[in-house]
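Numbering (the working numbering), first residue to last: 266 to 1289.
First the structure, in the form of structure tokens, and then the observations on it.
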């Protein structure tokens, strides 16, 4: 049973020790906008918890340690039980070098630099607890020893066997100390407590652990420290899990049982919807927040054969309504569905309703695609969560947010998952049964067919199959003689023949069997696909109701957090004056950019972009022939046959046969054969054509599989690609896309020599339309002008100078003039061209705060320009001499981040750094992210604001014009042939003038370039 999905009475039944604390006052939830620095942690540490460790080294020479691979390594002495039972036990994976000592003498758990994070968090939480009623906190590890770090595999040398040995110490401590709750950090801690599952799925859940005495202890699952350090955005998630552990200790994880209405008949559904509509009419509120959600048969809104099976509403805390719509277990007539649809539409489009959703883009696409009228959502809790905590990568699903915002409702979907697994397993069994029956019928038909063949035909076929190794020589003899014999008055085939016939039936490919004897399994339509429709109606309705109930409640929590943030902003502006004078409400960009953008992206995704499928197949044929040519050439070069997709084969050829030096290793410790390693080997051995051919083979294979085959498969339904745009994919609010990813499509594929394929030419507008490619010129560099206010940079853009040529001249120490570089910037054979390429890397590298070593590597890996580290540093130094305002901006941003643990943009976006003072490396990373976040986030917001305006204008024409795609700083749209005579002036207004009004602080023109043509790869036509 999952504790977090139960009521408080059930909790007390499972964990009687926890029930003793149920009347204690619950500490308030904290945030980590500004965690205390480690120096301050030490002052409070002794006051807030007690560490009880056994210094007698009682475990040395124990049978558990004897023979352990870590025997003799620095270790931490296992905890010794205190006199007072109970408390909170924090169990980590293994100690770092700061915590562990030789033989465990004088060791203290969680004393490393990074371990200060958890101590700081617990300090903050403990200071909010009532005096005299604070649980003793114990720290321990699943593995007591500090394992060695393998630099080749890039992993610590620790295994499941080591954990199983050492976990006995932790379990013994639990038996003796009898803690009230355990906080398990990471997969090693999970293993020690016999908790199965991946960390990302278990994080935030409550699992039961049974000790040797049969006592059940609640375990709160959390991320390990190394994961949190790698992704600082998870700090607040970790704080939430620590808070849950204290909530369990205090017995305060109760919640009010929700009121769920699940009507299943048409009269009941219409009555409930009418009551809801009347309630909204009677409401004294000017705007009534109503959460809405759908359950569907697939995750593909553009596939119109897929259906909405359930709709659900929530209009108040803990109240929800869910009902079937187009569900096979509730077979309504078309008129009945129409009546339900109209009743639902009256609520969705009610003038007083503010529509709340979770991933509402998906639901809106499903509704719009099926002709159901629905306004754009007012609030999306997933997008709002990203606005409030932008760096929680992978933690933005409704279930994840519920774990943190409404822990009493966490894992409400567990029952559904279990029922779904059973239902899908039963469906698989039924399908396999039908498939087996069809196979048996095919086998019987095959026997009849074979027996009926004459001897000559049999021998001819057997010779062919034996040569192809479909059958053995032994079977050939039996199969040639197959005949029926009379036994007990019936003609039957003897067993010795049957066995050979059965083997033949299994081994023969379909192409060798006459199609008329093949029996296809007759699988009913409901068994062909898996969906929520396979779950019993009552369960799916309750689950759907809980989705909207949690959405509605999370909205209230998020709205209140934004309100508190606004109050804090006002206080900060008064306290810090000019330093925060431009700080705007965090909800402003959310309502003015994020939410309008979600509507436009939904429309773009539903429409999709047309693909030239015939040309894709043509490209596939070209690549197939070219790939075979390259493969034959490689095999000839080395004189052996091998599989180029096998890492083991390549390791043998490169490092054993050819004796090439090993430059890098994989995480598993094997010699690396990745792209970077092969490129470096190819540079070091230019005469070895095999390496260049291998890189070309991989490039061809990737293009064929990742791009062409994938695009062909995903456009099979309607000839279009419907990518998924993700607004929560980055901490800087820049869009990402998936399924398929269209943000990384190369313009062309180089196939060696002068041969190339134009991949973007595969993207087409609709029939009768032209495609337009609008690209914002140097968007991030123009944004840098607003923050740096550098006079030279601003003047360059406002006077129309080429910024990369200007930088190239500035960093050349007088070797080149601006005019010289401009004249030769397209001639790849000149030194001026090379200097401009260096300048481009320096310009963009500044935004990411690259160092000299990184710049050197980027110039070599991306452009094959070889410079020394000293030369790279000189380029960076000269850049800041050329643009001193940029240097001031970087220093000011770093100082602000150091002081306040966050930075903000002109639009009010935040980039928060709750974990900033625990190592020098982490602080440097914070500085890089702070400098980059302001530029990239602001630039993205301006470009997306342009997209919103352009798409609204295009759709207002009602002629099929619309935005098709956006890739970073470009906007791809279509318009009818010759439809626009005033497009240039219209775009000037939408892009340039409206941006000037929206961004009065931007000191340069927001310039764009636009071209048109018949496809994405050919947009060279000029727009006048």
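Every residue gets a Cβ at the ideal spot worked out from N, C-alpha and C, and that includes glycine.
With burial defined as no fewer than 16 other Cβ atoms inside 10 Å of the residue's Cβ, what is the status of residue i: buried or exposed?
i: residue 1033; result: exposed
i: residue 1011; result: exposed
i: residue 286; result: Since pLDDT at residue 286 reaches only 41, below the 50 mark, its modelled position is unreliable, and the value read off the structure follows with that caveat. Per the 10 Å Cβ criterion, buried.
i: residue 414; result: exposed
i: residue 766; result: buried
i: residue 757; result: exposed
i: residue 732; result: exposed
i: residue 1271; result: buried
i: residue 554; result: buried
i: residue 446; result: buried
i: residue 956; result: buried
i: residue 558; result: buried
i: residue 715; result: buried
i: residue 452; result: buried
i: residue 1200; result: buried
i: residue 489; result: buried
i: residue 1065; result: exposed
i: residue 986; result: buried
Please list, in chain order, all residues of the same chain as residue i whose beta carbon is under 7 Å from its beta carbon, the five residues on each side excluded.
i: residue 1286; result: 1276, 1277, 1278
i: residue 507; result: 386, 387, 390, 448
i: residue 475; result: 481
i: residue 590; result: 573, 574, 575, 576, 602, 605
i: residue 791; result: 593
i: residue 433; result: 329
i: residue 918; result: 903, 907
i: residue 1248; result: 1288
Where does residue i fall in DSSP's three states?
i: residue 1130; result: coil
i: residue 631; result: helix
i: residue 672; result: helix
i: residue 651; result: helix
i: residue 938; result: coil
i: residue 1196; result: helix
i: residue 638; result: coil
i: residue 425; result: helix
i: residue 751; result: strand
i: residue 1001; result: strand
i: residue 1287; result: strand
i: residue 1347; result: Beyond the ends of the chain as shown, which are 266 and 1289, falls residue 1347; an answer cannot be given.
i: residue 1171; result: coil
i: residue 1076; result: coil
Check the DSSP bridge columns for residue i and list the partner residues they point to.
i: residue 584; result: 524, 581
i: residue 918; result: For residue 918, which the question treats as bridged, DSSP gives no partner whatsoever.
i: residue 355; result: 404, 448
i: residue 1013; result: 1023
i: residue 1239; result: 1036, 1227
i: residue 589; result: 575
i: residue 1190; result: In DSSP, residue 1190 forms no bridge with anything.
i: residue 415; result: 420
Enumerate in chain order the residues of its own chain whose CB-to-CB distance from residue i is below 6 Å, with the five nearest sequence positions on each side excluded.
i: residue 1150; result: 1053, 1054, 1055
i: residue 1204; result: 1044, 1045, 1048
i: residue 892; result: 965
i: residue 643; result: 619, 620
i: residue 655; result: 996
i: residue 1113; result: 1197
i: residue 859; result: 648
Within the same chain, show all residues whose beta-carbon is closer than 8 Å to that of residue i, passing over the 5 residues directly before and after it, in chain order.
i: residue 1195; result: 1158, 1159, 1161, 1162, 1168, 1176, 1178
i: residue 865; result: 1212, 1213, 1216, 1217, 1228
i: residue 467; result: 455, 460, 486
### Task
Let me know the alpha helix (DSSP H) ranges lying completely inside the segment 687 to 748, each 4 residues or longer, listed in chain order.
720 to 732, 738 to 745
### Message
Quick check on the DSSP output: what are the complete alpha helix (DSSP H) runs of length 4 or more inside the segment 780 to 818, in order along the chain?
### Response
790 to 793
### Message
My parser needs the alpha helix (DSSP H) runs of 4 or more residues fully inside the segment 1087 to 1137; what are they?
### Response
1096 to 1112, 1117 to 1128
### Message
Runs of 4 residues minimum, wholly inside the segment 593 to 620: which ones carry the alpha helix (DSSP H) assignment?
### Response
599 to 613
### Task
Tell me the start and end of each unbroken alpha helix (DSSP H) in the segment 844 to 888 that is at least 4 residues and wholly inside, in chain order.
Within the segment 844 to 888, the complete alpha helix (DSSP H) runs of at least 4 residues are 851 to 854, 860 to 872.
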